[in-house]
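Structure record follows, encoded as C-alpha cells.
Number of protein chains: 2
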Amino acid sequence: MSHHGLLLVLSGPSGVGKGTLVSLLTETDKNVVVSVSATTRAPRAGEIHGKSYYFLSQEEFARMEGAGEFLEFSHHFGNGYGTPKQTVLNAMAEGKTVLLEIDVNGALAVKQAMPESVLIMIAPPDFKALKDRLTKRNTESAEVIANRISRAAFELSKTELYDYVVVNDNLTEALENIQAIILAEKSKTARSGETIKKIMEE
Amino acid sequence: MSHHGLLLVLSGPSGVGKGTLVSLLTETDKNVVVSVSATTRAPRAGEIHGKSYYFLSQEEFARMEGAGEFLEFSHHFGNGYGTPKQTVLNAMAEGKTVLLEIDVNGALAVKQAMPESVLIMIAPPDFKALKDRLTKRNTESAEVIANRISRAAFELSKTELYDYVVVNDNLTEALENIQAIILAEKSKTARSGETIKKIMEE
Chain X
15 MSHHGLLLVL SGPSGVGKGT LVSLLTETDK NVVVSVSATT RAPRAGEIHG
65 KSYYFLSQEE FARMEGAGEF LEFSHHFGNG YGTPKQTVLN AMAEGKTVLL
115 EIDVNGALAV KQAMPESVLI MIAPPDFKAL KDRLTKRNTE SAEVIANRIS
165 RAAFELSKTE LYDYVVVNDN LTEALENIQA IILAEKSKTA RSGETIKKIM
215 EE
Chain D
15 MSHHGLLLVL SGPSGVGKGT LVSLLTETDK NVVVSVSATT RAPRAGEIHG
65 KSYYFLSQEE FARMEGAGEF LEFSHHFGNG YGTPKQTVLN AMAEGKTVLL
115 EIDVNGALAV KQAMPESVLI MIAPPDFKAL KDRLTKRNTE SAEVIANRIS
165 RAAFELSKTE LYDYVVVNDN LTEALENIQA IILAEKSKTA RSGETIKKIM
215 EE
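So, in C-alpha cells, the structure goes:
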C-alpha cells in the first residue's frame, strides 16, 4: 500500500531467540529482508560475501565510516562492524520491510539517524529464565557466561528507549506480535500519505 | 500483560462498514467492549437503557456536561450526545480495550482529553466507491445522500490527524488490520511499564 518500506530494528539479549524470530519473519513474509552487515573480520568457513556479511578491508571500512556511509557501526577486538546505509535505503525504496538485528547502542544510533525506524526489544518473560538458559548452555566458560548475563541486563535496562517490547515466552505468539507491529506500523497515517491521497481521489 | 486497557476511537464516513467492524471486533475478542453513549433523545422501540444508550434527562445531561463528565459531547437537533468519561476509565482499569465509534470532532476531542487514546480512520479504497455505495442505497432522498457525501469528504479530509488509517476494501483484512493495531499498541513500551518491571525481576 505504502510506497515506502519499514525499517525494523530488533534487539534483545543473547539467548532470547532473536535469530529464530528473524528467520521465521523472513520465511513467512517475502516482503521482509534482513540487512547484511559489513565487517573487516576474515570470512569463516561457509560464509558468503554479500550474504553472511560484506567483507571489507580495513581501508574501505574506514573510508565508509568517515564518509558517513554506515547507519551505525562499532569496533570489537580490532574489527569493524557496520550497517551500510545505502543498501537499507534501496530495499526500503522497493517497499521492503528491512530487519536489522543489532545491539542497543546500534539500535539507538539508527533511531537517531532515521527517526522513522521502529525499535523492538525482544525480551524473556523474566530475567531469571534467561539466566538459567544462558547458564545451562554449558558450552562456554563461566567467565563468558557471566559476561553474557551482565550484557543481557544492560540491554534489557534500555527497553524503555525502544518503541515496542515483545516478550518471547511462546515463539508463535512472539512471531504474531512482531507481524502485528509490522502491519500496524504500515497503517500509521504518518506513513500513509499515498494511501490517503488515493482515498480522496474521486 | 499490561494492567491498563486501551482506548480505541474508530471513525469513518457513513457506509464504510464501521458498524460491522465494531461488531466483529467485540465478537472475536472478549476483551473488547463498546462504550455506551449518553443521549437526551427518547428511546426508540427495542432500545435498552445502559446498552443502546444511557437515556438521560436534559437536566442530567447539562449537569454532566458542565461538570466535565463527558470525554466528548455534541448537540444535534436539540438532543445531546456524549461519551461518559467514568465508564470508559472503569473499563480501561479492568484492562479492557474500549471502542468508541464517533465522528471526527468527537475523536479529536477525545485525543485532546486522553492523548494515549488511539485514533483509527476507517476509509473506503477510494471516495468514488463510497459515493456509489451511498447513492445506490436509494432509500433516502437526494438531499440526505448529498449531505452524507459532503460529510464523508469532510471526515476523510481529517485522516492525517488520526494515528492509523485502515482501508476497508476487504472486511477480513480490515478486521485483521485493526486487531494488529490493538496487539501492537499493547506492546508499546510506553504502555508496558509493568511488563518491563517484571522482565527485570531476578
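Chains as they are written, first to last, in the working numbering: chain X, 15 to 216; chain D, 15 to 216.
We treat Cβ as the ideally placed atom computed from N, Cα and C, and that holds for glycine.
Computed from a predicted structure; not experimentally measured.
DSSP three-state assignment for residue i, whether helix, strand or coil
i                         : result
lysine 145 of chain X     : helix
alanine 105 of chain X    : helix
asparagine 45 of chain X  : coil
asparagine 182 of chain X : coil
serine 25 of chain D      : strand
glutamate 130 of chain D  : coil
threonine 153 of chain X  : coil
histidine 17 of chain D   : Bear in mind that the predicted position of histidine 17 of chain D carries a pLDDT of just 46, short of 50, making it too unreliable to give a figure here.
Min CB distance residue i to chain D below 9 Å
i                         : result
histidine 17 of chain X   : Low confidence applies here, because histidine 17 of chain X scores a pLDDT of 46, under 50, leaving its location unreliable; read the following figure in that light. No, histidine 17 of chain X does not count as interfacial toward chain D.
leucine 114 of chain X    : no
asparagine 45 of chain X  : no
methionine 214 of chain X : yes
methionine 226 of chain X : Examination of residue 226 of chain X is not possible in this model, given that chain X is present from 15 through 216 alone.
lysine 142 of chain X     : yes
lysine 150 of chain X     : no
alanine 28 of chain X     : What sits at residue 28 of chain X in the sequence shown is serine, not alanine. Answer no: the Cβ-Cβ gap between serine 28 of chain X and chain D never drops below 9 Å.
asparagine 159 of chain X : The amino acid at residue 159 of chain X is misidentified as asparagine; the sequence shows isoleucine. It does not; no Cβ of chain D falls within 9 Å.
serine 171 of chain X     : yes
alanine 156 of chain X    : no
glutamate 190 of chain X  : yes
valine 180 of chain X     : yes
alanine 121 of chain X    : no
threonine 186 of chain X  : no
threonine 42 of chain X   : no
threonine 203 of chain X  : yes
proline 138 of chain X    : yes
Limits of the alpha helix (DSSP H) - the one that residue i falls within
i                         : result
isoleucine 217 of chain X : Residue coverage of chain X in this structure runs from 15 to 216, which leaves residue 217 of chain X outside it and unanswerable.
threonine 209 of chain D  : 207-214
CB of residue i within 9 Å of CB of residue j, strictly
i                           : j                            : result
methionine 214 of chain X   : phenylalanine 141 of chain D : yes
leucine 24 of chain X       : valine 36 of chain X         : yes
leucine 185 of chain X      : threonine 42 of chain X      : no
glycine 94 of chain X       : threonine 149 of chain X     : no
asparagine 45 of chain X    : threonine 111 of chain X     : yes
serine 66 of chain X        : valine 47 of chain X         : no
leucine 133 of chain X      : leucine 38 of chain X        : no
tyrosine 178 of chain D     : alanine 198 of chain X       : yes
leucine 85 of chain X       : isoleucine 196 of chain X    : no
proline 138 of chain X      : asparagine 191 of chain X    : no
threonine 236 of chain D    : threonine 203 of chain X     : This structure cannot speak to residue 236 of chain D, because chain D is shown only from 15 to 216.
serine 71 of chain D        : arginine 162 of chain D      : no
leucine 11 of chain X       : leucine 122 of chain X       : Coverage of chain X is limited to positions 15 through 216, which leaves residue 11 of chain X absent and any answer about it impossible.
valine 124 of chain D       : leucine 114 of chain D       : yes
serine 201 of chain X       : valine 180 of chain D        : yes
phenylalanine 69 of chain X : alanine 59 of chain X        : no
lysine 99 of chain X        : alanine 76 of chain X        : no
valine 30 of chain X        : leucine 144 of chain X       : yes
Cutoff 9 Å: residue i Cβ touching any chain X Cβ
i                        : result
serine 206 of chain D    : yes
glutamate 199 of chain D : yes
leucine 175 of chain D   : yes
alanine 107 of chain D   : no
glutamine 126 of chain D : no
serine 25 of chain D     : no
glutamine 100 of chain D : no
threonine 209 of chain D : yes
lysine 32 of chain D     : no
arginine 58 of chain D   : no
alanine 167 of chain D   : yes
alanine 194 of chain D   : yes
*Taking only runs of the alpha helix (DSSP H) that begin and end inside the region 55-128 of chain X, which ones reach a length of at least 4 residues, in chain order?*
The alpha helix (DSSP H) runs of length 4 or more contained entirely in the region 55-128 of chain X are, from start to end of the chain, 72-80, 99-107, 118-127.
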